[in-house]
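Here is the structure we will look at.
Dropping the structure here:
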């Protein structure tokens, strides 16, 4: 029996509240041997106090040695085996900006690019053209029509947009048109199954018109498409876990994954952790599971900026009392993966996890929240996809298995 | 390859003896933050001394967050994946009292209940009618006959009995007749597959006659049936592990699970741990694996009685030297699951495990046996179903895998 079946079978409902606070990429590495990681270096009096009352552990986002992208890493945190539940990048991008991708539709991520007179790409991101310049160009693309197929194009940010094709017989088995290097022309959309041949033809017609429409633009005079995919039709969170689940995230990607599993994605003003906790407070009565996504720990890690990542962690720690005032029954603080500043990229290193559940937890009594204390924690090292059953159990939301 | 196939392939025989001492529900929780668990609070000089010479660890009965019933929890300790090897409660109850359930038979658990003049249940357990009053009523039920089908009814304890139907074309896909609440009449046996329709009819005829036979009883004037199931036809212990295995348990449930996997269930006088160790001594030469089940750690936990659970653990510790005098080659002390007195129910929390194998173990050198020392143990945190291979290996009963 698959894990999700077990959750479907055993879940039960009560008034208890679960909060999953994801510090994106929080796991780190020492810069030099014997030095602290970002989390160990940060001054986190609130998390350290919680750690003493919590069960700690380390989670593997996918499996040992595998560095995940944000999509699979979050699916694992939501209880979905990321090796089973695949989602294409196009469908994810589209979902993240609220563009509907139904079963049978084909979605792709698009980039504006700059091509020279010979048609070779000289800038794969069109100079990261600002959003206010890109938006009217997206409107031009949105007016392109195809025979028997509906198209919708929506701007994402700067040089990025999403495209959705809707109609009969469409298939997503197409290769990216981005050659991934400059000095070469964009590739045609090539089908890698026979069933996708017609979709490839349609996409190539669309691309031809797009280049015509954009030909006089100084920077964004071309486009590439990547990550062709369709609605992954995931089992929905409410049915699997019986939870009314809400997502409080700023960035489209994370809002997109949450929407794909059926969470309600909350809108709010502002972009800071305090703004996120404000909407948490306002919506507290309406949901029993909240996914809060904090981005800065990852972006500072990707920038290779150890001190900035330490600062981001400290910012969350300072805001934590506002969250605790709401008296969640279960609070998990963890990351979707590690992004050590020393590596300036996502990594496979197991991610620290703090599981605080005052009425049902088995506290480890550790003095701090760090990779080191988590390694000695009572939860051990385990796959991230097993976190959801633990959160459910600690909130009293699972029946006994068998008699 | 499934785990059991590996055991079938690699097992070998020798004279070494394995003892699995199950303290039912031994895992616990502190009553207040920073306080000891039941096992940590108990004075256990013998277990503590053994712990120093042992490998310690924590086991997950099913998977993280899943609280198991006794059936699946014991199957896991016996090496059977409890998500693969399912057993219905009826077949388990029947097996526990030595009632034969073969392939094609249908077994159910029965309760005497009290119904009012309108036929509504007013007591689902007939006032927990004493066994001496229930036994003659079971004899009345045992005289009910059905066309083309043999029936056997046997008393379990107080208001509980087991029913087995034997014949051609019987199917166990029937819903419980116990409505689980008072103020409603018992439900008819309803089939949830077409193949089980005839069995449902037969069971309903049996139920009608049962109510007629019991109608003048003051308390036990009705019955309900639950957990319809058939012989799960599990791989047998002797074939999988090459062990002559014996069960020394007092309660029917545990004797039942042991019988389903093919252990020999030993009879003995008395109900105390000393009585169990007495039969262990007597049968020492006849088997090479002994499963000893101690119940009081669970029942006191379910009662929410922390001190009584501490006392039960201490009772086992005092008896332990009698077991050690027999010089087992491998001794594992653990539980089937946690039953924290604080929660007064089975829980998912990982269960302390002590694995003592003087000639092949890798001792951790911990000073005590507790959740805390087991968390730091060399065996780590692992699924309970992986314990059997460890016991086999430590007894020198497994060949090398591959060349």
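Residue numbers (this note's numbering), protein chains in the order written: chain A, 6 to 408; chain B, 6 to 408.
Ideal Cβ placement from N, Cα and C applies to all residues, glycine included.
In this text, all values refer to a predicted model and were calculated from it rather than measured experimentally.
- DSSP, reduced to helix, strand and coil, places residue 357 of chain A within a strand of the structure shown.
- Note that the C-beta distance between residue 111 of chain B and residue 61 of chain B is not below 8 angstroms.
- A straight line joining the alpha-carbon of residue 247 of chain B with that of residue 21 of chain B spans about 12 angstroms.
- When C-alpha distances from residue 355 of chain A are compared across A/37, A/136, A/380, A/182, the shortest belongs to A/380.
- Short of 7 angstroms from the beta carbon of residue 282 of chain A, and not among the five residues preceding or following it, lie these beta carbons of its own chain, in chain order: 324, 327, 328.
- In the DSSP assignment, residue 162 of chain A forms a beta bridge with A/165.
- DSSP places residue 388 of chain A in the uninterrupted beta strand (DSSP E) bounded by 385-388.
- Our two residues, residue 14 of chain B and residue 39 of chain A, have alpha carbons roughly 46 angstroms apart in a direct line.
- For residue 116 of chain A, the enclosing beta strand (DSSP E) stretches over residues 111-120.
- Here residue 45 of chain A really is in contact with residue 377 of chain A; their C-beta atoms are around 7 angstroms apart, less than 8 angstroms.
- Proximity to residue 28 of chain B across B/132, B/259, B/69 peaks at B/259, based on C-alpha coordinates.
- Distances from the CA of residue 147 of chain B to each of B/108, B/218, B/120 were compared; the closest alpha carbon is that of B/218.
- Taking C-beta atoms as the reference points, residue 335 of chain B and residue 384 of chain B fail to come closer than 8 angstroms.
- Every unbroken stretch of the beta strand (DSSP E) spanning 3 or more residues and falling wholly within the stretch 277-325 of chain A is given here in chain order: 294-299.
- For residue 229 of chain A, the uninterrupted beta strand (DSSP E) segment begins and ends at 227-234.
- Sequence-distant partners of residue 255 of chain B (beyond 5 residues in either direction) whose C-beta falls short of 8 angstroms from its own C-beta, in its chain, are 276, 281, 298, 300.
- Taken atom to atom, the span from the alpha-carbon of residue 278 of chain A to that of residue 321 of chain A is near 7 angstroms.
- At a Cβ-Cβ threshold of 8 angstroms, residue 407 of chain A and residue 77 of chain B count as neighbours.
- Under the DSSP assignment, residue 62 of chain B falls in the beta strand (DSSP E) whose first and last residues are 60-65.
- For residue 339 of chain A, the uninterrupted beta strand (DSSP E) run begins and ends at 335-339, by DSSP.
- Excluding its 5 nearest sequence neighbours in each direction, residue 203 of chain B has C-beta neighbours in its own chain below 7 angstroms: 174, listed in chain order.
- Per DSSP, the unbroken beta strand (DSSP E) holding residue 128 of chain B starts and ends at 126-128.
- Taking C-beta atoms as the reference points, residue 71 of chain A and residue 392 of chain A fail to come closer than 8 angstroms.
- Neighbours of residue 397 of chain A in chain B, taken as residues at a C-beta separation under 9 angstroms, are given in chain order as 70.
- Look at residue 64 of chain B: its C-beta is not under 8 angstroms from any C-beta on chain A.
- Not a single C-beta of chain A is nearer than 8 angstroms to the C-beta of residue 391 of chain B.
- Where residue 392 of chain A is concerned, there is no enclosing beta strand (DSSP E), although the alpha helix (DSSP H) around it starts and stops at 392-399.
- Cβ neighbours of residue 123 of chain B within its own chain (closer than 6 angstroms, five residues either side excluded): none.
- DSSP places residue 406 of chain A in the strand class (E or B) of the three-state scheme.
- Straight across, the Cα-Cα distance linking residue 183 of chain B with residue 95 of chain B is about 13 angstroms.
- Minimum Cα-Cα distance from residue 350 of chain A among the listed residues A/114, A/314, A/359 corresponds to A/314.
- Residue 25 of chain A: not part of any alpha helix (DSSP H); member of the beta strand (DSSP E) spanning 23-28, first to last residue.
- Beta bridge pairing from DSSP links residue 32 of chain A with A/343.
- In this structure, B/117 is the residue among B/117, B/348, B/332, B/200 with its C-alpha nearest to the C-alpha of residue 131 of chain B.
- Within the DSSP bridge table, the entry for residue 16 of chain A names A/403 as partners.
- Taking a beta-carbon distance threshold of 8 angstroms, residue 94 of chain B counts as an interface residue toward chain A.
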